[in-house]
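First residue of the sequence shown: -9, per this note's numbering; consecutive thereafter.
Glycine included, C-beta positions come from ideal geometry on N, C-alpha and C.
Values in this document were obtained by computation on a predicted structure and should not be read as measured data.
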Amino acid sequence: MNTMDQIKKTADVIKKIRPVYQPILDFYSQVFLAQEESRSHIELSSIIISSDLLAMKQESQLPLIDPSEFLIDMDETGVLFVKICDLARDLAPELSRGAQVLKGALQEKTFELETVITAILNNQDAVLEQQAGKSDVPVSELIFFTYSSMVPSLQACSEQLETYLPPLAEIKKGYCPICGNPPDMAFFDEDGKRHLKCSFCSHRWNVGRMGCVFCENNDKDQQLYFFSDEEKEYRVNLCDHCRQYIKVVDLRKMDRAFFPALELVSSLHLDIKARKKGYRNGSSMASDA
Ligand SMILES: [Zn+2]
Ligand SMILES: [Zn+2]
């Protein structure tokens, strides 16, 4: 079965066991399929890191690049942007107006996708606010549509950069070894090893088993969690030291194919519960729209 078929199948399985997520998954699974399809059209040159710089980065445990160094296939991102706007128009009522406004502005060239992409890569909040204001859409929607259409390029760069990382290394740090962004999910693989997934470039890394992934606190009294018997594959780790939480998927207790992006959007009830308890999560980009 190819990846596209697997995404569809897994989305159907989740819809069956958690019917409340049907409308959300109807939209997001189409977005993920469009991203997957877009991946095969991405054309980018390689990001080269000199051996001196690489040695320095490894020595100081620094990420390989700054997010501003990601390369983006602008043509393909533009195509995907329009596609995701159309999906939102048809399938996501709450995003529909913003989607149509942004698509219209892009086609009339009153909106510059490249400016927004650069602002996301460089963390320029003021530019994003200004661009959102110009089109009269919430900044969260501007970021959602733009970031979602950048994902195939970000993943392509991330996969290319993986070749610079030491093979099978356990990386103790709780930030992405490729781009330095925080994780938006943790998971235990079939062997019980803990991994994190980058909230920005989707890279996954093995991170050792114990303690808070954000602040490295490992005090038993400060490391809490909750889970529910109906969803044995999920648990949420809470840290009373830095007050952050992370959702954890245990692949040993899951009998569907694992697509982190699908699991993220179909476990929003866990985010709500964690936030109600007063915890926040360090990641952001895609999950807040
Ligand atoms: Zn990353
Ligand atoms: Zn912590």
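Would you say residue i and residue j are within 9 Å of each other, going by their C-beta atoms?
{"i": "Lys47", "j": "Ile39", "result": "yes"}
{"i": "Gly272", "j": "Phe204", "result": "yes"}
{"i": "Cys188", "j": "Ile161", "result": "no"}
{"i": "Val106", "j": "Gln25", "result": "no"}
{"i": "Ser58", "j": "Leu23", "result": "no"}
{"i": "Leu254", "j": "Lys237", "result": "yes"}
{"i": "Gly68", "j": "Leu34", "result": "no"}
{"i": "Cys229", "j": "Cys202", "result": "yes"}
{"i": "Lys(-1)", "j": "Arg246", "result": "yes"}
{"i": "Val127", "j": "Arg79", "result": "no"}
{"i": "Glu180", "j": "Arg242", "result": "yes"}
{"i": "Glu220", "j": "Asp240", "result": "no"}
{"i": "Gln214", "j": "Val197", "result": "In the sequence as displayed, the identity of residue 214 is Leu instead of Gln. The answer is no: Cβ separation not under 9 Å."}
{"i": "Leu151", "j": "Ile62", "result": "no"}
{"i": "Ala122", "j": "Leu132", "result": "yes"}
For the candidate residues the options, whose alpha-carbon lies nearest to that of residue i?
{"i": "Gly164", "options": "Val129, Ser86, His193, Thr136", "result": "His193"}
{"i": "Asp56", "options": "Phe71, Tyr18, Asn113, Ala122", "result": "Asn113"}
{"i": "Phe135", "options": "Arg233, Val91, His259", "result": "Val91"}
{"i": "Pro156", "options": "Asn208, Trp195, Pro83, Glu66", "result": "Trp195"}
{"i": "Phe248", "options": "Val10, Phe178, Gln234, Arg233", "result": "Phe178"}
Helix, strand or coil for residue i per DSSP?
{"i": "Gln234", "result": "strand"}
{"i": "Tyr269", "result": "coil"}
{"i": "Gln212", "result": "coil"}
{"i": "Asp240", "result": "strand"}
{"i": "Arg225", "result": "strand"}
{"i": "Ala247", "result": "coil"}
{"i": "Arg280", "result": "The chain is shown from -9 up to 279; residue 280 falls before or after that span and cannot be answered."}
{"i": "Phe217", "result": "coil"}
Every unbroken alpha helix (DSSP H) inside the region 32 to 83 [4 residues or more]: 41 to 49, 64 to 81
Sequence-ordered residues whose beta carbon comes within less than 7 Å of a heavy atom of ligand 2: Cys202, Phe204, Cys205, Asn207, Cys229, His231, Cys232, Gln234
Whole beta strand (DSSP E) elements within the region 174 to 201, 3-residue minimum: 184 to 188, 194 to 196, all fully within the region 174 to 201.
Whole alpha helix (DSSP H) elements within the region 86 to 167, 4-residue minimum: 103 to 111, 115 to 125, 129 to 151
Neighbourhood of ligand 1 [Cβ distance below 5 Å to any heavy atom], ordered by chain position: My final list is Cys166, Ile168, Cys169, Asn171, Cys188, Phe190, Cys191, His193.
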